[in-house]
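**Student:** Okay, handing you the structure first.
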Amino acid sequence: MILTTRTIGLLVTMGLLTGGAAWGVHALIGTAGSAGSDYGLDTNGNGKFEWLVVEAQVSLPSAGTWDVYADLSTDRAPATGACGIGVPPPVPLMQLSTVYGPIAWTNERYFFPAGSQTVRMSFVGTEIARAAIDGPYRVHARLSLGDVPYMGIRVPEPIRSDGFVEWNYTTRAYSVGDFEPPVRTAFFTGGHSDSAVDVDADGLADFLELTADVHVNAAGRYTLYGTLSKGSSSDAVRSIAYAYRDFNLTTADTKVFLRFRGDQIRQAGLDGPWDFSLTLFGPIDLPYAVISPPTEGVLRPIPFSYPEMLCGSTRAYRAADFDDTVEFLRYTGRFEESTPDRDVDGRYDALVVRAQVDV
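In terms of the numbering used here, the sequence shown is residues 733 to 1091.
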């Protein structure tokens, strides 16, 4: 079971108020039955689901405004996580589980009378598609009455004990291809290369340059962030270097590059090959989306672009082959000079010398 920060705060508060007697999760939460239904919702007629809608049949002990927190997970976890790092185990504080996730989540707030009710939860289809794992999916919902105590919120005594319901459910089988794919403004196509860059020609490399192939669907200003590490297949992962930069991209198949500082590589003292990860996100200059009111009573999700990642390994390098003092630029030997006469009095106001540099 994966708990939100708010839920954990609730458990801590209840534990303090009850002298530690309420630390057992299931002592606080009444478990509802697993009766329910689910279906995919296509709101734009393109044959892909923008939403996965889950309807829970629950019996609520009291009337009031209920907060609904739900997450979507799966038993079909990938063998490794992002960039070859193994999937971490669930937080052992609460319980051990083989469930992978959440891959999507939602929260709602409704007023319900006491008794049998239908609680509707909607998960964004692009988040499910991005997880790239077929269903069935597990749904874990926590319902809490709106006036229950949370850390930092004062409530009148006594504290109600009937304000929690837990609901678990398994959806029918879905394919990842059933859901709306994420908006990909730009993404890595897989090709990459690396090389050592000696800026000042002193025989020691000042940078390690990584170049990656990218397909750009939306022009704009992007941010590229990268890391170098060593030992991803072991329990100890050593950080080697990091770098980031902003740049403009036009709609095309192109290349992006990132330079890692040689002094960081030399200081780490670990020879390559090194594992790298590149993260590209943007455009970072897009205006805020203006969403018009729904015309048919259905609100579609706002298009959202996710960061794109590329991971791999460099060629073999020696850390000692990198310079401990980085030269960020070098003079090329080309100079230009000018003598402006700004007030046109026949006398020069300045001598301006411009030098060309290689950055």
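Ideal placement from N, C-alpha and C gives every residue a C-beta, glycine not left out.
Please read all numbers here as calculations on a predicted model, not as lab measurements.
Between which two residues does the alpha helix (DSSP H) harbouring residue 998 extend?
**Tutor:** Per DSSP, residue 998 belongs to the alpha helix (DSSP H) from 994-1000.
**Student:** Give the secondary structure of residue 908 by DSSP, where H, G and I count as helix, E and B as strand, and everything else as coil.
**Tutor:** Of the three classes helix, strand and coil, the one that applies to residue 908 here is helix, per DSSP.
**Student:** Between residue 1011 and residue 1038, what straight-line distance do the alpha-carbon atoms span, to the nearest angstrom?
**Tutor:** Between residue 1011 and residue 1038, the C-alpha separation is close to 10 Å.
**Student:** Which residues bound the beta strand (DSSP E) around residue 683?
**Tutor:** With the chain covering only 733 through 1091, there is no way to say anything about residue 683.
**Student:** Could you give the uninterrupted runs of the beta strand (DSSP E) lying entirely in the region 1055-1086, keeping only those of 3 residues or more?
**Tutor:** With a minimum length of 3 residues, the continuous beta strand (DSSP E) runs that stay inside the region 1055-1086 are 1062-1070.
**Student:** In terms of alpha-carbon separation, which member of 858, 843 and 778 lies closest to residue 800?
**Tutor:** Of 858, 843 and 778, the residue nearest in Cα terms is 843.
**Student:** Once you ignore the five residues that flank residue 1047 on each side, which residues in its own chain have a CB closer than 8 Å to its CB?
**Tutor:** Taken in chain order, the residues that qualify are 926, 1004 and 1005.
**Student:** In this structure, how does DSSP classify residue 1088 when only helix, strand and coil are distinguished?
**Tutor:** Note: residue 1088 maps to strand in three-state DSSP.
**Student:** Hey, could you find the ends of the beta strand (DSSP E) residue 797 is sitting in?
**Tutor:** Counting along the chain, the beta strand (DSSP E) containing residue 797 begins and ends at 796-806.
**Student:** Of the choices 897, 862 and 870, whose alpha-carbon is the least far from that of residue 848?
**Tutor:** Cα-wise, what sits closest to residue 848 is 897.
**Student:** Can you give me the C-alpha to C-alpha distance between residue 988 and residue 944, rounded to a whole angstrom?
**Tutor:** Distance between the alpha carbons of residue 988 and residue 944: 5 Å.
**Student:** Can you grab the Cα-Cα spacing for the pair residue 1041 / residue 1074, in whole Å?
**Tutor:** Their backbone Cα atoms lie some 52 Å apart in a straight line.
**Student:** Can the beta-carbon of residue 790 be found less than 9 Å from the beta-carbon of residue 851?
**Tutor:** Closer than 9 Å, so yes.
**Student:** Around the C-beta of residue 825, are 16 or more other C-beta atoms found within 10 angstroms, so that it is buried, or is it exposed?
**Tutor:** Low confidence applies here, because residue 825 scores a pLDDT of 40, under 50, leaving its location unreliable; read the following figure in that light. Burial call: exposed.
**Student:** Where do the N-terminal and C-terminal ends of the beta strand (DSSP E) with residue 834 fall, by residue?
**Tutor:** Note, residue 834: beta strand (DSSP E), 832-844.
**Student:** By a C-beta neighbour count over all protein chains shown, 10 Å radius and 16 as the cutoff for buried, is residue 748 buried or exposed?
**Tutor:** Note that residue 748 has pLDDT 41, beneath the 50 cutoff, so the model's placement of it is unreliable and the number below is only indicative. With fewer than 16 other Cβ atoms within 10 Å, it is exposed.
**Student:** Counting along the chain, where does the beta strand (DSSP E) carrying residue 875 start and finish?
**Tutor:** Taken as a continuous stretch (DSSP letters only), the beta strand (DSSP E) holding residue 875 covers 870-877.
**Student:** Is it true that the CB of residue 839 sits closer than 9 Å to the CB of residue 864?
**Tutor:** Their beta carbons are not under 9 Å apart, which means residue 864 does not touch residue 839 by this criterion.
**Student:** Given this structure, state the Cα-to-Cα distance separating residue 923 from residue 1087, to the nearest angstrom.
**Tutor:** The alpha-carbon atoms of residue 923 and residue 1087 are separated by roughly 36 Å.
**Student:** Which residue marks the beginning of the beta strand (DSSP E) containing residue 950, and which one marks its end?
**Tutor:** Careful: residue 950 lies outside any beta strand (DSSP E) and carries neither H nor E.
**Student:** Tell whether a beta-carbon distance below 9 Å holds between residue 1049 and residue 975.
**Tutor:** No, they are not a contact pair.
**Student:** Which partner residues does residue 777 have in the DSSP bridge list?
**Tutor:** According to DSSP, residue 777 bridges with nothing at all.
**Student:** Measuring alpha carbon to alpha carbon, tell me which of 794, 768, 981 and 900 ends up nearest residue 878.
**Tutor:** When only C-alpha atoms are compared, the closest one is 794.
**Student:** Are there 16 or more other CB atoms within 10 angstroms of the CB of residue 773, so buried, or fewer, so exposed?
**Tutor:** Burial call: exposed.
**Student:** Do residue 970 and residue 956 have their CB atoms nearer than 9 Å?
**Tutor:** In this structure, residue 956 does not lie closer than 9 Å to residue 970 by Cβ.
**Student:** Starting from residue 981, follow the beta strand (DSSP E) in both directions and report where the run begins and ends.
**Tutor:** Counting along the chain, the beta strand (DSSP E) containing residue 981 begins and ends at 970-981.
**Student:** Taking only the alpha-carbon atoms, compute the straight-line gap between residue 931 and residue 1067 and give it to the nearest angstrom.
**Tutor:** Going by the C-alpha atoms only, they are around 19 Å apart.
**Student:** Closest to residue 808 by C-alpha separation, out of 868, 895, 846 and 861, would be which residue?
**Tutor:** When each option's Cα is compared against that of residue 808, the closest is 868.
**Student:** Would you tell me roughly how many angstroms separate the C-alpha atoms of residue 958 and residue 855, rounded to the nearest one?
**Tutor:** Between residue 958 and residue 855, the C-alpha separation is close to 31 Å.
**Student:** So is residue 938 buried or exposed if we call it buried at 16+ other beta carbons inside 10 Å?
**Tutor:** Buried, because 16 or more other Cβ atoms sit within 10 Å of the Cβ of residue 938.
**Student:** Quick check: is any heavy atom of the ligand NAP less than 8 Å from the C-beta of residue 973?
**Tutor:** Questions concerning the ligand NAP fall outside what the structure shown contains, since it holds no ligand whatsoever.
**Student:** Cβ of residue 909 less than 9 Å from any chain C Cβ?
**Tutor:** Of the protein chains in the structure, only one exists, and it is not chain C.
**Student:** I'd like to check one pair, residue 946 with residue 910: are the Cβ atoms closer than 9 Å?
**Tutor:** The answer is no: Cβ separation not under 9 Å.
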